[in-house]
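Asker:
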Amino acid sequence: MVARKLDVSNAGHRLLMTSYAVKGLAIKHSTIVFESGLGGGEDHWKKVIDLLPKSVMAITYERPGMNGSAPDGVPPSPEHIATVLHAALAQVASPPYLLVGHSWGGPLVRAFAGLFPKDVSGLVLVETTDFGETAEERRRYIYEPLGHGEDGEKLRAAVDAYYAQQAGHFDPGVDADIQMSRDERRDDFRDLQNLPMPPVPVVVIATTRYPFTNDPHLPVSYDQAQYQQLMLNYRFLSLGRFARSVPDGTLVTTARSGHYVQEEEPRLVLWGIRRVLRPARPATQH
Numbered sequence: 001m002v003a004r005k006l007d008v009s010n011a012g013h014r015l016l017m018t019s020y021a022v023k024g025l026a027i028k029h030s031t032i033v034f035e036s037g038l039g040g041g042e043d044h045w046k047k048v049i050d051l052l053p054k055s056v057m058a059i060t061y062e063r064p065g066m067n068g069s070a071p072d073g074v075p076p077s078p079e080h081i082a083t084v085l086h087a088a089l090a091q092v093a094s095p096p097y098l099l100v101g102h103s104w105g106g107p108l109v110r111a112f113a114g115l116f117p118k119d120v121s122g123l124v125l126v127e128t129t130d131f132g133e134t135a136e137e138r139r140r141y142i143y144e145p146l147g148h149g150e151d152g153e154k155l156r157a158a159v160d161a162y163y164a165q166q167a168g169h170f171d172p173g174v175d176a177d178i179q180m181s182r183d184e185r186r187d188d189f190r191d192l193q194n195l196p197m198p199p200v201p202v203v204v205i206a207t208t209r210y211p212f213t214n215d216p217h218l219p220v221s222y223d224q225a226q227y228q229q230l231m232l233n234y235r236f237l238s239l240g241r242f243a244r245s246v247p248d249g250t251l252v253t254t255a256r257s258g259h260y261v262q263e264e265e266p267r268l269v270l271w272g273i274r275r276v277l278r279p280a281r282p283a284t285q286h
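Each residue of the sequence shown is one higher than the one before, counting from 1 in UniProt numbering.
Quick look at the structure:
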């Protein structure tokens with residue numbers, strides 16, 4: 001496929017995009033649009049793009065304030081980023097779009113689907129941030145079994161603050177992404193819950209191979225192994241519920257990859273894309 005670097009306008013601000021297509025070949029399917037996780041990074045999708053069939057067009061890009069794209073001065077909420085992407089795509093490709101989102105990119109493509117449902121042909125969510133989780137369900141499925149039903153959110157906040165301190169500082173665009181992800185979780189992703197979900201095919205890919213850790217320096221005391229297992233169990237419950245919320249949804253788990261499935265197991269992501277491009281036919285009525 002031929003990669004073509006594009007400078008696109010985001011309300012007068014420079015936005016970097018890359019278009020992948022076979023030169024001179026008519027496109028037969030949806031344009032595949034890749035949305036990266038926290039911090040962006042078009043290069044995270046290279047192994048998947050290299051496997052794509054020649055009959056498709058693919059787009060990657062860098063969000064405002066990241067990796068060469070100019071900041072636009074607007075908080076990077078899922079709805080804002082979806083609106084930016086939609087306007088940018090209108091300059092380089094025609095809908096419908098098959099949206100592939102990794103990690104924090106999952107809520108971003110979910111917002112796109114809710115805001116522009118007629119332009120979306122399907123979603124592939126790769127190790128997505130769980131935009132279906134709520135504080136009440138965390139209490140029910142995680143903190144009460146852990147013995148912290150009354151102070152679970154305080155425990156979580158202390159752990160998050162500890163790991164944020166360990167991670168240090170990032171570039172302003174990445175820091176804004178991280179803060180927005182925290183704000184969205186704190187608010188139970190209410191803005192996304194209020195957006196409609198079009199009845200398009202969805203594939204959710206999630207790993208079971210999370211690194212279980214036991215950090216003796218955490219500022220709070222609890223059973224870390226049990227907590228991490230409860231978190232993982234709840235994650236699959238919530239992601240499965242989202243997959244079942246559409247007429248053609250599939251949840252796939254893997255133990256062969258870590259968080260970056262698209263780099264460790266690109267053929268699984270390719271399978272998800274093909275699955276959305278060619279959704280299952282409904283059962284024949286007899």
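Positions of the beta carbon are idealized from the N, C-alpha and C atoms, including for glycine.
Just so we're clear, the structure is a prediction, and the values are computed from it rather than from any experiment.
Going by DSSP, what residues sit across from His217 in a beta bridge?
Answerer: Answer is none; His217 lacks a bridge partner.
Asker: At a cut of 8 Å, does the stretch 160-168 reach the stretch 136-144 through at least three beta carbon pairs?
Answerer: no
Asker: Leu195 and Ala255 - do their beta-carbons sit closer together than 8 Å?
Answerer: no
Asker: What are the start and end residues of each continuous beta strand (DSSP E) run of 3 or more residues lying completely inside the stretch 2-74, in chain order?
Answerer: 2-10, 13-21, 31-35, 57-61
Asker: Drop a sphere of 10 angstroms on the beta-carbon of Asp177, count the other beta-carbons inside from all chains shown, and report buried for 16 or more, exposed for fewer.
Answerer: Asp177 is buried by the Cβ-count criterion.
Asker: Which class does residue 306 belong to by DSSP, given the choice of helix, strand or coil?
Answerer: Residue 306 lies beyond the range of the chain shown here (1 to 286); nothing can be said about it.
Asker: Quick check on this structure: which residue in Lys118, Thr31, Ala58, Ser55 has the alpha carbon closest to the alpha carbon of Tyr97?
Answerer: Among Lys118, Thr31, Ala58, Ser55, the Cα nearest to that of Tyr97 is on Thr31.
Asker: Quick one: what's Tyr97 bridged to in DSSP?
Answerer: In DSSP, Tyr97 forms a bridge with Thr31, Val120.
Asker: Is it right to say Gln262 is buried, meaning 16 or more other beta carbons lie within 10 angstroms of its own, or is it exposed?
Answerer: Flag for Gln262 reads buried.
Asker: Does the Cβ-Cβ distance between Ser103 and Ile59 come in under 8 Å?
Answerer: At the C-beta level, Ser103 and Ile59 stay beyond 8 Å of one another.
Asker: In this structure, how does DSSP classify Ala255 when only helix, strand and coil are distinguished?
Answerer: coil
Asker: State the DSSP-derived secondary structure class of Val246, mapped to helix, strand or coil.
Answerer: coil
Asker: On the three-state DSSP scale, how would you describe Leu230?
Answerer: Helix, per DSSP.
Asker: Using the Cα positions of Gly240 and Asp130, report the straight-line distance between them to the nearest angstrom.
Answerer: 11 Å
Asker: Got a sec? Which residues, its chain only, sit under 7 Å from Leu108 by beta carbon, not counting five neighbours each side?
Answerer: Glu35, Pro78, Ile81, Ala82, Gly101
Asker: Unbroken alpha helix (DSSP H) runs of length 4 or more, entirely within the stretch 168-195: which are they?
Answerer: 172-186, 190-193
Asker: Mind checking Phe116: buried by the 16 CB within 10 Å criterion, or exposed?
Answerer: By the beta-carbon neighbour count (other beta carbons within 10 angstroms, threshold 16), Phe116 is buried.
Asker: Quick check on His148: does DSSP put it in helix, strand or coil?
Answerer: Look at His148 here: in three-state DSSP terms it is coil, with no helix or strand label.
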